[in-house]
Amino acid sequence: MSKPAERINMGDAKKQAISMIRSYDGPPVRIMEVCGTHTHELFRLGVRGILPEQVTLISGPGCPVCVTPPDFIDAAVWLALEKQVTITTFGDLVRVPGSRDSLASARGKGAKVEVVYSPQDACTYAKEHPEEDVVFLSVGFETTTPSSCLALEQAEREKISNFSLLTANKTMPEAYKMLQGSADIFLYPGHVNAIAGNAVCQQLCRQGISGVVTGFTAAEIVTAIAIALSKFKEGKPFFVNAYPRVVKDEGSPAAQALTDKYLEPCDTIWRGLGEIPGSGLRLKEEYASFDAYRRYAIPKMEGKTSPLCRCGEVLQGKCRPVDCKVFGKGCTPEHPIGACMVSGEGACSAYYQYGGVIK
Amino acid sequence: MCVGLPARVVNVKDGRAVVDASGAQKEISAQLLEDLEPGDYVMIHAGTAIAKIGSDDEEETAGLLDALL
Numbered sequence: 096m097s098k099p100a101e102r103i104n105m106g107d108a109k110k111q112a113i114s115m116i117r118s119y120d121g122p123p124v125r126i127m128e129v130c131g132t133h134t135h136e137l138f139r140l141g142v143r144g145i146l147p148e149q150v151t152l153i154s155g156p157g158c159p160v161c162v163t164p165p166d167f168i169d170a171a172v173w174l175a176l177e178k179q180v181t182i183t184t185f186g187d188l189v190r191v192p193g194s195r196d197s198l199a200s201a202r203g204k205g206a207k208v209e210v211v212y213s214p215q216d217a218c219t220y221a222k223e224h225p226e227e228d229v230v231f232l233s234v235g236f237e238t239t240t241p242s243s244c245l246a247l248e249q250a251e252r253e254k255i256s257n258f259s260l261l262t263a264n265k266t267m268p269e270a271y272k273m274l275q276g277s278a279d280i281f282l283y284p285g286h287v288n289a290i291a292g293n294a295v296c297q298q299l300c301r302q303g304i305s306g307v308v309t310g311f312t313a314a315e316i317v318t319a320i321a322i323a324l325s326k327f328k329e330g331k332p333f334f335v336n337a338y339p340r341v342v343k344d345e346g347s348p349a350a351q352a353l354t355d356k357y358l359e360p361c362d363t364i365w366r367g368l369g370e371i372p373g374s375g376l377r378l379k380e381e382y383a384s385f386d387a388y389r390r391y392a393i394p395k396m397e398g399k400t401s402p403l404c405r406c407g408e409v410l411q412g413k414c415r416p417v418d419c420k421v422f423g424k425g426c427t428p429e430h431p432i433g434a435c436m437v438s439g440e441g442a443c444s445a446y447y448q449y450g451g452v453i454k
Numbered sequence: 005m006c007v008g009l010p011a012r013v014v015n016v017k018d019g020r021a022v023v024d025a026s027g028a029q030k031e032i033s034a035q036l037l038e039d040l041e042p043g044d045y046v047m048i049h050a051g052t053a054i055a056k057i058g059s060d061d062e063e064e065t066a067g068l069l070d071a072l073l
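For the protein sequence lines, the chains are W and X, in the order given.
Under our numbering, the first sequence is numbered contiguously, ending at residue 454.
Under our numbering, the second sequence is numbered contiguously, ending at residue 73.
Below, the structure written as structure tokens:
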């Protein structure tokens with residue numbers, strides 16, 4: 096393309112990006128939005144409606160609630176019902192089905208489940224209720240994990256001994272490698288990179304995996320897609336940070352150090368993807384007293400999902416939510432069968448909420 | 005859960021900050037960011053300020069597209 100005579104005006108950036116997307120005339124391309132927040136924003140903003148025929152958007156596994164396996168929910172329900180532990184959690188997890196019960200249905204059997212805004216609020220709850228054993232359900236990717244570590248730091252500092260974490264924290268690098276055949280370009284989740292930095296994505300680019308770090312406003316999302324399409328036409332692997340106002344190459348060294356202080360890598364199971372070696376985080380031995388698994392000697396859980404549910408394939412981009420037999424029939428946000436319908440960031444929930452804008 | 009809420013810092017004290025997001029004020033953790041000052045804009049996630057926000061999204065995307073053309 097030739098250099099334009101004048102710079103793009105700020106107000107025209109969105110229009111320019113949309114025009115670039117609409118006029119894309121390159122080869123067929125599959126773009127995976129890794130982050131659940133992007134999935135919902137793409138629908139909400141109507142971005143799917145402006146894509147040319149040969150551009151396909153695939154929803155990836157970047158919703159921590161969706162990839163949390165059912166045995167984690169089973170363990171939380173067991174703690175609440177068998178050990179009379181108070182479960183503190185982000186609200187998204189409450190209605191995720193376990194093998195038999197969700198935390199919501201366990202409430203009906205006497206489970207005490209408190210929804211909190213942050214892990215530190217869970218720790219403060221424990222401090223204010225010394226007569227209760229309090230466990231926080233620590234799920235999330237690189238973005239969320241440091242907040243759980245801040246709660247541990249608070250518990251250590253203030254000697255809050257009735258507080259522990261049930262961890263299912265995950266990291267993205269190994270998942271990207273597993274998903275590399277599922278898409279041609281990743282829209283990387285901006286807030287994961289804000290913490291973890293860009294080194295992993297730059298390394299993936301050297302291995303032939305292309306991607307663009309993407310922000311969350313309309314201007315940022317359409318710009319990232321316009322950049323992705325423009326670069327894809329050049330035929331070489333690429334990496335672009337299209338969210339530099341928040342994401343720096345080094346990420347957040349303070350957050351990385353905090354995570355490294357308390358947690359270490361482990362193998363972990365992702366709902367739908369199976370076990371991905373080195374993609375989980377667990378508490379280090381010296382913090383065992385904060386580890387609900389060790390503290391309560393949680394037995395192995397059943398971890399059974401409905402055979403009708405295709406969340407696993409949805410999470411890998413192998414099928415669309417609308418290809419699942421129970422989507423919108425047996426499985427709705429009011430009566431979810433799979434985690435992708437429960438979570439506010441799940442692909443099934445987005446397809447259901449914005450039905451009719453399906454591509 | 006990657007949701008981030010941009011907010012303006014109202015005051016900072018002892019690793020905590022009060023932020024203002026479209027008129028709603030909330031106390032959050034500011035432990036991950038150094039040199040935070042009132043008036044700074046930050047991205048909030050799960051009760052923690054995870055990053056300072058450098059510029060406006062329109063300004064930034066205009067610059068990115070400029071670089072592409």
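Note that the Cβ used here is the ideal one computed from N, Cα and C, for glycine as well.
The model shown is predicted, which means the values in this text are computed figures rather than measured ones.
Pull up the CB-CB distance for X:Thr52 and W:Ser401, whole angstroms please, since I reckon it's below 8 Å. Sequence index remark: in the second sequence, residue 52 of chain X carries index 48 (1-based). Sequence index remark: in the first sequence, residue 401 of chain W carries index 306 (1-based). That belief does not hold up - the Cβ atoms of X:Thr52 and W:Ser401 are roughly 35 Å apart, past 8 Å.
9 Å Cβ cutoff, W:Gln111 in contact with chain X: Locating residue 111 of chain W in the first sequence gives position 16, counting from the first residue. At least one chain X Cβ lies under 9 Å of W:Gln111.
Just to confirm my understanding: we take W:Ile320, look at its own chain, exclude 5 residues before and 5 after, and list those with CB closer than 6 Å. What are they? Residue numbering aside, residue 320 of chain W sits at position 225 when the first sequence is read from its first letter. So the list reads Ile116, once near-sequence residues are dropped.
Within the same chain, show all residues whose beta-carbon is closer than 6 Å to that of X:Asp18, passing over the 5 residues directly before and after it, in chain order. The residue given as residue 18 of chain X occupies position 14 in the second sequence. Contacts found: none.
Using a C-beta to C-beta distance shorter than 7 Å, which residues of chain X count as neighbours of W:Gly310? Looking up residue 310 of chain W in the first sequence gives position 215. Near W:Gly310 (Cβ distances below 7 Å), the residues of chain X are Asp61.
In chain order, what residues of the same chain have a beta carbon less than 7 Å from the beta carbon of W:Pro533, not counting five sequence neighbours either side? What is shown of chain W runs 96 to 454, which leaves residue 533 of chain W out entirely.
Note down the Cα distance separating W:Ala442 from W:Lys254, rounded to an integer number of angstroms. Here the question's residue 442 of chain W lines up with position 347 in the first sequence. Here the question's residue 254 of chain W lines up with position 159 in the first sequence. Going from the Cα of W:Ala442 to the Cα of W:Lys254 covers about 41 Å.
For a minimum of 4 consecutive residues, which ranges assigned as the alpha helix (DSSP H) are wholly contained in the region 385 to 425 of chain W? 387 to 390 and 406 to 410
Within this structure, are the beta carbons of W:His133 and W:Leu282 separated by less than 9 Å? Taking the first residue of the first sequence as position 1, residue 133 of chain W is located at position 38. Taking the first residue of the first sequence as position 1, residue 282 of chain W is located at position 187. Yes; because the gap between Cβ atoms is below 9 Å, this pair is in contact.
Backbone secondary structure at W:Phe185 - three-state DSSP: Here residue 185 of chain W refers to the residue found at position 90 of the first sequence. Looking at W:Phe185 - three-state DSSP - the assignment turns out to be coil, as it is neither helix nor strand.
Apart from the five residues just before and just after W:Ser305, which ones in its own chain have a Cβ nearer than 6 Å to its Cβ? In the first sequence, counting from the first residue as 1, residue 305 of chain W sits at position 210. Same-chain partners within the cutoff: Ile280, Pro332 and Phe333.
Cβ distance (whole Å) where W:Ala278 is taken to contact W:Ile113 below 8 Å: Mapped onto the first sequence, residue 278 of chain W falls at position 183. Mapped onto the first sequence, residue 113 of chain W falls at position 18. No, W:Ala278 and W:Ile113 are not in contact; Cβ-Cβ is about 22 Å, not under 8 Å.
Using a Cβ-Cβ cut-off of 9 Å, state whether W:Thr132 counts as contacting chain X. As a first step, residue 132 of chain W is located in the first sequence; it is residue number 37 there, counting from the start. Yes, W:Thr132 counts as interfacial toward chain X.
Could you give the residue range of the beta strand (DSSP E) that holds X:His49? By 1-based counting over the second sequence, the position of residue 49 of chain X is 45. Note, X:His49: beta strand (DSSP E), Tyr45 to His49.
Chain W beta carbons: is any one of them nearer than 9 Å to that of X:Thr65? Counting from one through the second sequence, the residue named residue 65 of chain X turns up at place 61. It does: the Cβ of X:Thr65 has a partner Cβ on chain W nearer than 9 Å.
Check the DSSP bridge columns for X:Arg12 and list the partner residues they point to. Within the second sequence, residue 12 of chain X is the residue found at index 8, counting from 1. Beta-bridge pairing links X:Arg12 to X:Asp24 and X:Tyr45.
Please state whether DSSP places W:Gly526 in a helix, a strand or coil. Summary: the structure shown does not reach residue 526 of chain W, with chain W confined to residues 96 through 454, and so no result is reported for it.
Residues of chain X with CB closer than 7 Å to the CB of W:Gln215, please, in chain order. Here residue 215 of chain W refers to the residue found at position 120 when the first sequence is read from its first residue. Result: Ser33 and Gly51.
Can the beta-carbon of W:Thr309 be found less than 9 Å from the beta-carbon of W:Glu128? In the first sequence, the residue the question calls residue 309 of chain W occupies position 214. In the first sequence, the residue the question calls residue 128 of chain W occupies position 33. Yes, these two residues count as a Cβ contact at 9 Å.
Measure the alpha-carbon distance for W:Ser97 versus X:Asp70 and round it to whole angstroms. Start at 1 with the first residue of the first sequence, and residue 97 of chain W comes out as number 2. Start at 1 with the first residue of the second sequence, and residue 70 of chain X comes out as number 66. With a pLDDT of 39 at W:Ser97, under the threshold of 50, the modelled position of that residue is not reliable, and the figure given next carries that caveat. One C-alpha to the other measures close to 11 Å.
Name the two residues that bound the continuous alpha helix (DSSP H) containing X:Leu68. If you number the second sequence from 1, residue 68 of chain X lands on position 64. Unbroken alpha helix (DSSP H) run through X:Leu68: Asp61 to Leu72.
In the DSSP assignment, the beta strand (DSSP E) including W:Glu209 goes from what residue to what residue? Reading the first sequence from its first residue, position 114 is the one you call residue 209 of chain W. Taken as a continuous stretch (DSSP letters only), the beta strand (DSSP E) holding W:Glu209 covers Lys207 to Val210.
Roughly how many angstroms separate the alpha carbons of W:Glu209 and W:Leu324, rounded to a whole number? To locate residue 209 of chain W, count along the first sequence from 1; it is residue 114. To locate residue 324 of chain W, count along the first sequence from 1; it is residue 229. W:Glu209 and W:Leu324: Cα-Cα distance of roughly 44 Å.
Which first and last residues belong to the alpha helix (DSSP H) in which W:Ser444 is found? The residue labelled residue 444 of chain W in the question sits at position 349 within the first sequence. Ala442 to Gln448 is the span of the alpha helix (DSSP H), which, as asked, contains W:Ser444.
Quick check: the Cα distance between W:Ala171 and W:Leu232, rounded to an integer number of angstroms? As a first step, residue 171 of chain W is located in the first sequence; it is residue number 76 there, counting from the start. As a first step, residue 232 of chain W is located in the first sequence; it is residue number 137 there, counting from the start. In a straight line, the C-alpha of W:Ala171 is about 8 Å away from that of W:Leu232.
Which word fits W:Leu376, buried or exposed, when buried means at least 16 other C-beta atoms lie within 10 angstroms of its C-beta? Working through the first sequence from its first residue, we reach residue 376 of chain W at position 281. So W:Leu376 counts as buried.
Rounded to the nearest angstrom, what separates W:Thr427 and W:Cys435 at their Cα positions? Along the first sequence, read from residue 1 onward, the residue named residue 427 of chain W stands at position 332. Along the first sequence, read from residue 1 onward, the residue named residue 435 of chain W stands at position 340. Looking at the two C-alpha atoms, the distance is approximately 10 Å.
Here's the rule I'm using: 16 or more other beta-carbon atoms within 10 Å means buried, otherwise exposed. How should X:Gln29 be labelled? Counting from one through the second sequence, the residue named residue 29 of chain X turns up at place 25. With fewer than 16 Cβ atoms within 10 Å of its Cβ, X:Gln29 is classed as exposed.
Ends of the alpha helix (DSSP H) at W:Thr83? Look at the range of chain W in this structure, 96 to 454, and you will see that residue 83 of chain W is not part of it.
Work out the CA separation of X:Ala50 and W:Gln179 for me, nearest whole Å. Here residue 179 of chain W is taken as the residue at index 84 of the first sequence, counted from 1. Here residue 50 of chain X is taken as the residue at index 46 of the second sequence, counted from 1. Going from the Cα of W:Gln179 to the Cα of X:Ala50 covers about 26 Å.
Closer than 7 Å between beta carbons: that is the criterion. Which residues of the region 282 to 306 of chain W meet it against chain X? Pro284, His286, Val287, Ala289 and Ile290
Cβ-based neighbour list, X:Asp24, same chain, cut-off 7 Å, excluding 5 preceding and 5 following: Taking the second sequence and counting its residues from 1, the one referred to as residue 24 of chain X is at position 20. Answer for X:Asp24: Ala11, Arg12 and Val14, listed in chain order.
Are the CB atoms of W:Asp362 and W:Pro348 nearer to each other than 9 Å? Counted from its first residue, the first sequence places residue 362 of chain W at position 267. Counted from its first residue, the first sequence places residue 348 of chain W at position 253. Contact: no.
Give every residue of the same chain whose Cβ lies closer than 7 Å to the Cβ of X:Asp61, excluding the five residues on either side of it in the sequence, and list them in chain order. Translated into positions along the second sequence, residue 61 of chain X becomes position 57. No residues qualify anywhere along the chain.
Quick one: list the residues of chain X neighbouring W:Tyr212, beta-carbon separation under 7 Å, in chain order. Taking the first residue of the first sequence as position 1, residue 212 of chain W is located at position 117. Result: Gly51.
With a cut-off of 9 Å, does the C-beta of X:Leu40 fall near any C-beta of chain W? One-based indexing of the second sequence puts residue 40 of chain X at position 36. It does not; no Cβ of chain W falls within 9 Å.
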